[in-house]
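S.K.: For the sequence shown, this note's numbering gives the first residue as 1, with consecutive numbering after it. Glycine is no exception: its CB is placed at the ideal position from the N, C-alpha and C atoms. Sharing a structure with you now.
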Amino acid sequence: MIDNPDQVERLLHRLRDAVPLPAFASPSLIATLRERSSTAQITPRCTVTRVEYAGDEGGVMCHLALDENTAANVFVVSITHLAFDPRLPVAREIAAYQNRRIKRLRRDYGRGSAVQYH
1 MIDNPDQVER LLHRLRDAVP LPAFASPSLI ATLRERSSTA QITPRCTVTR
51 VEYAGDEGGV MCHLALDENT AANVFVVSIT HLAFDPRLPV AREIAAYQNR
101 RIKRLRRDYG RGSAVQYH
């Protein structure tokens, strides 16, 4: 098991209460999104508008609004591809989840596999 069910449940509750949340996309995520969408204006700044749990395989998934002028450009990505302002009330819980998940992915699937998640 990669995720701690209790930790995930608490985090989801806090995140759902906090959305919309400002976030920053990782450089690798930005590159991937630019490859997949020629119409969206992809910048590092984005907004998490909704969160879901995709089970142990997918983890916490965030719906991102990248271009506030176009509602059609919403992407769903793993929370491990995002960075958050450390001053946000939920930032410590997010960081703890991200670190634990990445560590477990590396342990269970090898270093090469976990790199694609972060």
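Can you tell me whether DSSP reads SER113 as helix, strand or coil?
M.R.: The pLDDT assigned to SER113 is 49, lower than 50, so where the model puts this residue is not dependable; a value taken from the coordinates is nonetheless given after this. In the structure shown, SER113 sits in a helix (DSSP, three-state: H, G or I).
S.K.: Within 10 angstroms of the Cβ of THR43, are there 16 or more other Cβ atoms? Answer buried if so, exposed if not.
M.R.: The residue in question, THR43, is exposed, as its Cβ has fewer than 16 Cβ neighbours within 10 Å.
S.K.: So within the segment 32-92, which uninterrupted alpha helix (DSSP H) runs reach at least 4 residues, ignoring any that extend past its ends?
M.R.: Complete alpha helix (DSSP H) runs here, min 4: 55-58.
S.K.: Where do the ends of the beta strand (DSSP E) carrying PRO20 lie?
M.R.: Run containing PRO20: none; DSSP gives neither H nor E here.
S.K.: Tell me the rounded alpha-carbon separation between LEU64 and ARG36.
M.R.: Looking at the two C-alpha atoms, the distance is approximately 14 Å.
S.K.: Look at VAL19 and VAL48 and say whether their C-beta atoms are less than 8 Å apart.
M.R.: Contact flag set, yes.
S.K.: Ordered along the chain, which non-local residues of its own chain (more than five positions away) have a Cβ less than 7 Å from that of HIS13?
M.R.: Contacts found: none.
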